[in-house]
Structure formats: structure tokens, C-alpha cells
Amino acid sequence: MPEMLAFAASPAFLPSLPKSAIAPRAARERSHADPVARIAVFAGNAAKAGKISVDGFASVWEPCLASKQHRSTRSPLTLRVLEAMEARLPEPRGLAVQNIAVVNSKGGVGKTTTTICLAGALVDIGRRVLLVDLDPQASASVWLGAPSDGSELLEILLERDRDPIPTIRRLPMGLDLIPGGLLLTQFEAQTAQRPARDSLLRQALKRLPAERWDYIFVDTPGSFGILALNALAAADYFLIPVEAATLSIEPLVTLFQTIEETRDALNPALKCAGVLACRLKLGARNPFQIMDLLQEHFGDCLFRHYVRHNVNVAEAPAHNTYIAAYMRTSIGAADHRRVAEEFEMRVAADSTGRKVANA
Ligand SMILES: Nc1ncnc2c1ncn2[C@@H]1O[C@H](COP(=O)(O)OP(=O)(O)O)[C@@H](O)[C@H]1O
Ligand SMILES: [Mg+2]
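Okay, so the sequence shown: first residue is 1350 according to the numbering used here, each after it adds one.
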């Protein structure tokens, strides 16, 4: 391994590298042929720009893993780049776990996609995330390769002393999941006579060791029934994905009114994490009119970033993982990464007392 490459990619030296020592021409010229050289070039460029991005490293480092030569040797340089990536992970949030209800009274708008891909993007920046699949259709559980009949989650909700921990599945991509399933359809009938039936998820989540996660995301069904109410009653924030292609504002305004009523009745501390435009087709006529329209109605509550329509996002479920883990270089991965960054800023801004628009 050429010493210069090791030097260029070494995290310890990057900030102090003189420009002339970064991304040497020899490395640039070899970069097409040699994945290790590509790492060095990238590291050099990142240092030149004064920052090293984990994603940038990852996207350059992945070809190394794919290359037989470096997968087998796990060269010291590859290991150093790995260390650099890990060293660049953000500090632990050090804040209390935040519960996020992902809601919309319409199906097919992108709730499950947002839940999984946003959660995945947060895992990629070192956050610890638990997903609760509160949808009897169990799309999130099936997507993540952990289908269930929903009986365990139903029991957690119905039985006050039931420990939720044994039902949590640790998934290979670093997400934790409490799977949902068809038996959740029985929740409504089985709680008909129970007082405070809206708060059963909140009670159940209180039995979890909260310090174990930064975020708990709850995916909800497409109808605004008792399960969605439970998600809102248990949440610190709600997040509303909207399908930009077939957007109609009326139902959204009604949804906001319902959420306001729920907040007043069940959970006065509930805040708006944001309205997120999903599946925006930039090729379509005037896509930004949609953003303007949403901005007009929802103001600061609208995510500044949006998620574009991207076929790779629709392919990800077949690979049982979130978009960035399936195809890191896809548009869908980039969009969810930006949304995750904005999401964290919104939540952090709010938890330090700065204003985030409420519904
Ligand atoms: N950004 C996107 N690009 C392409 N297809 C998408 C995107 N987001 C969602 N979809 C597709 O839209 C459909 C509905 O999304 P889903 O997340 O299941 O909605 P919901 O949970 O609200 O019912 C799915 O088939 C999904 O693959
Ligand atoms: Mg869904």
C-alpha cells in the first residue's frame, strides 16, 4: 500500500493536511483502477473542503468491500477508513427518547416508506431507533422481513403488565422493530369497554427502557381510527407524509383539525415534526407549486426538503431494508438523508426551546 495513500486517508492527519499533499495526482490517476486509491482521493477532497462526510466515505468505501481483493485483505487502509467513518458519527443526542407518530388519514401516501427510510437514515448517522408497526396490514414488518400476526403487539397493548422487550426484533440493518399484524384489527372491539383506550400504547411504551433509543417511530394505518389515536396520544411529535402527486389540501386541513382536537383531549404536549412532501415528480409540470401550496397552508411545519419519486424506493421492500442500505447512491437515499438531517434540526431546535411551528 503506497504510504501517501495511507497518509491521505488517515483521519488523524486529514484536518492538517497541506493542500499539495491531498489527493496526489498519482492517486487521482489510479483511482479508476484501484478502489483504495479512490478512498484516498475522496479523503483528500473531503479534507480540502474542510469536512469529512460519513456518507461520502461510505459511498467511496463500498466499492472496496465489493472488490474481492480488499474484501479478503481488509487492508489497514480500509480499516482506517472504517475508523474514520465511525469517528465522524455525531455525538450521542443526550436527549430523552422522542416518540414520533407517522400519520395520515389516507393510505398509500408514503407513511410506511417515510417511517422506514427516515428511521434508516437516522440509523446511518448513529441514532438508535425503534419502529412500532401499529398497522394491521403490517407493511413495515413485511418490508423489513419480520412479518407477524400482530398477537404480541396486541397483548402488549391490552395487558398492563406485559413486558414489551421480548417482542422487539433486532434487525440486521441496526433497526429495532415491534412487528404488527392482522390481529391488531381486534384492538378496537377488545377495548370497546375500556376506559382510556386511547392511551394504551402510551402505557405500553412507558414500560420500555427509554434510554435505549433516540427515537421511537410508530407507523399507523391509513384510516384515522383508534390505533392512530393511540399513536398520537403516545407521541412527542407527529409527522405527516403527503403524496405530492395527487395532493388535495382539503383532507389535510381536516386531518390537522383532528390532530389539534386529539392534542387538546389526549396529549397537550404533542408537537408537529413536519409535513413531508413525498413522491414529488420533478419532471411533472410545476412541481414546486405543490411545495408553495403546502407552504401556504402549513408554514414552518412544512419540511423544506422533499422526497422525489424514485423507483429504487419502491424496490427496497423486496430487499427487506431501507433505501440507503439497499442503494446508498440512489436519489431516494439522498432525499431521506436530507430529510433526516432536517428532522433532527427540527426536533433539536424544539428541545432547546426554539420555536417549531405547531399545527
Ligand atoms: N419516493 C417514492 N418513490 C417511488 N415510490 C414510492 C415513494 N414513496 C412511496 N412509494 C410507493 O408508494 C406506495 C405507497 O407507499 P406507502 O409508504 O406504503 O404508503 P402508506 O404507508 O401511506 O400506505 C408504495 O408502493 C411505495 O413503494
Ligand atoms: Mg403503510
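All C-beta atoms, glycine included, are put in the ideal place defined by N, C-alpha and C.
CB of residue i within 9 Å of CB of residue j, strictly
i: V1567; j: I1589; result: no
i: V1481; j: I1527; result: yes
i: D1498; j: L1576; result: no
i: A1470; j: H1685; result: yes
i: A1580; j: S1548; result: no
i: Q1539; j: L1507; result: yes
i: R1687; j: R1561; result: no
i: I1639; j: L1604; result: no
i: L1619; j: D1585; result: yes
i: A1468; j: L1524; result: yes
i: L1511; j: A1559; result: The sequence shown places Arg at residue 1511, rather than the Leu named in the question. Against a cut-off of 9 Å, the Cβ pair of A1559 and R1511 comes out as no contact.
i: F1692; j: A1614; result: no
i: V1452; j: Y1671; result: no
i: Q1486; j: P1570; result: yes
Nearest candidate by alpha-carbon position, reference residue i, set the options
i: R1653; options: R1695, A1665, A1674, I1565; result: R1695
i: A1683; options: G1529, L1619, R1657, F1573; result: R1657
i: S1454; options: T1462, D1473, S1572; result: S1572
i: L1531; options: I1565, P1544, P1496; result: P1496
i: C1650; options: E1664, Y1671, A1626; result: A1626
i: Q1535; options: P1544, L1502, G1475; result: L1502
i: P1666; options: I1465, R1561, L1619, Q1447; result: I1465
i: P1617; options: A1593, Q1644, F1587, D1641; result: F1587
i: G1681; options: N1661, E1693, A1674, F1692; result: N1661
i: Q1447; options: T1670, N1635, L1479, L1520; result: L1479
i: L1629; options: P1570, G1574, N1669, A1594; result: A1594
i: A1689; options: T1607, P1570, P1636, Y1564; result: Y1564
i: M1522; options: A1697, A1674, F1692, S1679; result: A1674
i: Q1606; options: A1697, E1592, F1647, R1511; result: F1647
i: K1460; options: E1693, L1642, E1592; result: E1592
i: L1550; options: R1677, E1504, R1519; result: E1504
i: G1574; options: K1555, E1664, L1533; result: L1533
i: N1669; options: L1520, V1458, I1474; result: L1520
i: L1557; options: T1678, T1611, R1509, G1529; result: R1509
i: T1462; options: E1645, T1516, E1664, Q1542; result: E1664
Which residues DSSP lists as bridging residue i, in chain order
i: F1566; result: I1449, L1480
i: L1629; result: R1657
i: D1684; result: None, per the DSSP bridge assignment.
i: C1621; result: F1587
i: E1690; result: Looking at the DSSP assignment, E1690 forms no beta bridge with any residue, so it has no partner.
i: I1527; result: V1481
i: E1592; result: C1627
i: R1519; result: D1525
Secondary structure of residue i, DSSP reduced to three states
i: D1512; result: coil
i: I1672; result: helix
i: K1460; result: helix
i: F1652; result: coil
i: Q1418; result: Note that Q1418 has pLDDT 46, beneath the 50 cutoff, so the model's placement of it is unreliable and the number below is only indicative. It is helical.
i: F1536; result: helix
i: T1678; result: coil
i: F1573; result: coil
i: P1600; result: helix
i: A1697; result: helix
i: D1303; result: This structure cannot settle anything about residue 1303, because the visible part of the chain is limited to 1350 through 1708.
i: I1474; result: coil
i: R1561; result: helix
i: K1555; result: helix
i: Q1638; result: helix
i: S1548; result: helix
Cβ pair count under 8 Å reaching 3, the segment 1599-1617 against the segment 1490-1497: no
Quiz: which residues have CB nearer than 5 Å to ligand 3 non-hydrogen atoms: With respect to ligand 3, the structure shown offers nothing to examine, as its ligands consist of ligand 1 and ligand 2.
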